[in-house]
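Comments concern the structure below.
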Amino acid sequence: MLKFIKKLAGQDKASREALAYEEARSLLESQNTDARRTLASRTDLEPEMLYYLAGDADTPTRALVAANPATPHQANIALADDEDRSVREELTSKIARLLPDLSRRETDALREQTIELIEKLARDQEPRVREILAEEIKNSTFAPQSVVQALARDTEISVCGPILRYSPLLSDADLIELIATTQVTGVIEAIAGREALSADVSDEVVASLDIPAVATLLANTSAQIRASTMEEIVKNAEEVSQWHGPISMRPDLSIRAVRRIAQFVGRDLLYGMADRLGLDEDTRRLLSGRLHDRLDETPVPDTATSALKIVQDAREQGRLDGGFVSEAAEAGYTDQVTYALSMLSGLKAPEVQRILTSRNGKAITALVWRARLSMRVSVLIQTHVMHLKSPELLPARGGSEFPLTEEEMVRLLDYFGLAA
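So in the working numbering, the last one in the sequence shown is 422, and the numbering has no gaps at all.
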């Protein structure tokens, strides 16, 4: 028996040859769990043996069969109904990865069988299985249209979000319909973050009156926004603080819009606007005057200098840490928190702003984790900067621990287009 296991594990030269049928059968019928698991991962095993192992009592063995690209279709169908979620997760990852190859070289019958299986997995009762499928096919041009449409309309934002943000198979008509009919929080925001979003879809995002979604749209510099639509946003932006940062950073603002925005945004944002290229002399004088006016206003604890300079000074002095961010958050200094998280996480300030305006407690928690700060900092930012209330607010686990796994936080950052 030890000889057979060594052969399977690749510990002798003969293991590189196809496993003899009788040897495999002997191991298959044995009570050696390690041997059966190794068999389950071999791509040269007879299909009927893989089918047999798909019904093994050992869950890791079935998971290995599910991940094996040589597993026959009938075994895959059986594994799609496996009682253990981890088995279905492995199957989902495998089938989704096989899609490009299937479209190029396999028979029509096999393609149809595979599509049928993917459609079944897209209806799995466990959100995590559907999440894996959505993540695997979000950028695919080979995914079945029926599956993309089903996942785009999923009731879990963790499932539909990646498809809505990235899938090239969704048309403008699809996106506009989803904006008009969705009941799921975060759907419009996900659409607003799509690369090269069309002006027609941008119009619908703005018309939805979804404040976080419009903030995301403004932060999405690749999105096309008509001048008339931007004027409508500017007209209402004074009362919506979440829009001030991203709208002031838009590269396509008209001179008229810049002048109007300068009437209500804070000092730190005025500094950024004053550095914009392409402004006429009158507009530059207006911005300069507004800055002087703001500096002459009654001082506030955020100081009269740029929040960026405050954070840069803190970093140079070795004070840019959890304590600094906590104090800024408790005081409600959004710009200081933004720049601090940007420097500590390595992300750009607009990327940090996008998360801060998302009203997503999980997302800011993932960002705080990336910045190597504590969960206490996340709670302070959620409470004093994002102004989240229950049930939006994500509390610490056990009073101080992160309530999400590292895998979940990496996935959240990826959802926002930020590599962990």
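Built from N, CA and C at the ideal position, the CB exists for glycine as well.
Keep in mind that this is a model prediction, so the values were computed, not measured.
Limits of the alpha helix (DSSP H) - the one that residue i falls within
i      : result
ASP212 : Run containing ASP212: none; DSSP gives neither H nor E here.
PRO62  : 61-69
ASP58  : ASP58 -> no alpha helix (DSSP H), and no H or E assigned at all.
ILE257 : 257-263
THR336 : 336-347
ASN238 : 229-239
LYS311 : 309-318
VAL379 : 377-382
GLN355 : 351-358
VAL327 : 324-332
THR40  : 35-42
ARG413 : 408-417
SER28  : 23-30
HIS386 : Unbroken run through HIS386: none, as it is neither H nor E.
LYS140 : Neither: LYS140 is in no alpha helix (DSSP H) and is coded neither H nor E.
SER250 : 243-250
ALA154 : 147-154
ARG363 : For the sequence presented, residue 363 should be read as Gly rather than Arg. Where GLY363 is concerned, the enclosing alpha helix (DSSP H) stretches over 363-372.
Spatial distance of residue i from residue j (CA atoms)
i      : j      : result
VAL242 : ALA136 : 33 Å
THR300 : ILE193 : Low confidence applies to THR300: its pLDDT is 40, below 50, so where it sits in the model is not reliable, and the reading given next is rough at best. The straight-line gap from Cα to Cα measures roughly 41 Å.
ARG228 : ARG361 : 26 Å
LEU171 : ILE181 : 16 Å
GLY320 : ALA331 : 19 Å
GLU191 : GLY57  : 43 Å
ARG262 : GLN384 : 30 Å
ARG413 : LEU255 : 33 Å
SER204 : GLU48  : 54 Å
ALA316 : SER250 : 25 Å
ILE159 : ARG130 : 12 Å
ASN222 : LYS122 : 34 Å
LEU415 : ARG372 : 9 Å
GLY363 : LEU395 : 6 Å
GLU114 : ILE120 : 10 Å
THR367 : LEU390 : 13 Å
ALA225 : ASP202 : 10 Å
TYR335 : ILE213 : 20 Å
ALA111 : ILE235 : 52 Å
SER200 : SER308 : 35 Å
ALA77  : GLU206 : 45 Å
SER42  : ASP126 : Note on residue identity: the sequence assigns Ala, not Ser, to residue 42. Their backbone Cα atoms lie some 24 Å apart in a straight line.
SER169 : THR73  : 28 Å
LEU153 : THR116 : 17 Å
LEU4   : GLU24  : Here LEU4 scores only 40 on pLDDT, less than 50, and its place in the model is too uncertain to base an answer on.
TYR417 : GLU31  : 45 Å
GLU403 : SER376 : 8 Å
ASP284 : ILE257 : 10 Å
PRO424 : VAL381 : Nothing in the structure corresponds to residue 424, since the chain is present only between 3 and 422.
ALA98  : THR187 : 27 Å
LEU162 : ARG155 : For the sequence presented, residue 162 should be read as Cys rather than Leu. Rounded to the nearest angstrom, the two C-alpha atoms are 6 Å apart.
GLU408 : THR61  : 24 Å
GLU50  : ILE165 : 36 Å
LEU297 : GLY268 : Since pLDDT at LEU297 reaches only 47, below the 50 mark, its modelled position is unreliable, and the value read off the structure follows with that caveat. Cα to Cα, LEU297 sits roughly 10 Å from GLY268.
GLU1   : GLY247 : A question about residue 1 goes unanswered here, because the residues of the chain that appear run from 3 up to 422.
GLU479 : GLN147 : Outside the modelled stretch of the chain, which goes from 3 to 422, sits residue 479, for which no answer is possible.
ILE134 : LEU369 : 21 Å
GLY325 : MET345 : 15 Å
ASN238 : ARG64  : 57 Å
THR157 : ASP323 : 38 Å
ILE79  : SER328 : 52 Å
LEU177 : ARG27  : 53 Å
ARG252 : VAL379 : 29 Å
Inter-residue CB distance, residue i and residue j (contact presumed, cutoff 8 Å)
i      : j      : result
VAL339 : VAL387 : 5 Å
ARG356 : THR184 : Actually they do not touch by this definition, with Cβ atoms about 20 Å apart.
THR231 : VAL216 : That pair is no contact at about 10 Å.
ALA333 : TYR341 : That belief does not hold up - the Cβ atoms of ALA333 and TYR341 are roughly 14 Å apart, past 8 Å.
GLU138 : SER88  : Not really, about 16 Å apart at Cβ, beyond 8 Å.
LEU55  : ARG38  : 6 Å
ARG132 : ARG167 : With a Cβ gap of about 16 Å, ARG132 and ARG167 do not count as contacting.
LEU66  : ALA82  : Not really, about 16 Å apart at Cβ, beyond 8 Å.
ALA145 : LEU101 : 6 Å
LEU220 : TRP245 : 6 Å
ARG399 : PRO405 : 4 Å
Residues sharing a beta bridge with residue i, DSSP
i      : result
GLU403 : ARG399
Proximity test, Cβ basis, 9 Å: residue i and chain C
i      : result
MET345 : Of the protein chains in this structure there is only one, and it is not chain C.
Query raised in the report: At which residue ranges does the segment 80-130 contain complete alpha helix (DSSP H) runs of 4 or more residues, listed in the order of the chain?
Result: Within the segment 80-130, the complete alpha helix (DSSP H) runs of at least 4 residues are 87-107, 110-123.
Query raised in the report: Which runs of the alpha helix (DSSP H) fall wholly inside the segment 161-213 and span at least 4 residues, in chain order?
Result: Listed in chain order, the complete alpha helix (DSSP H) runs (minimum 4 residues) inside the segment 161-213 are 174-183, 189-194, 201-209.
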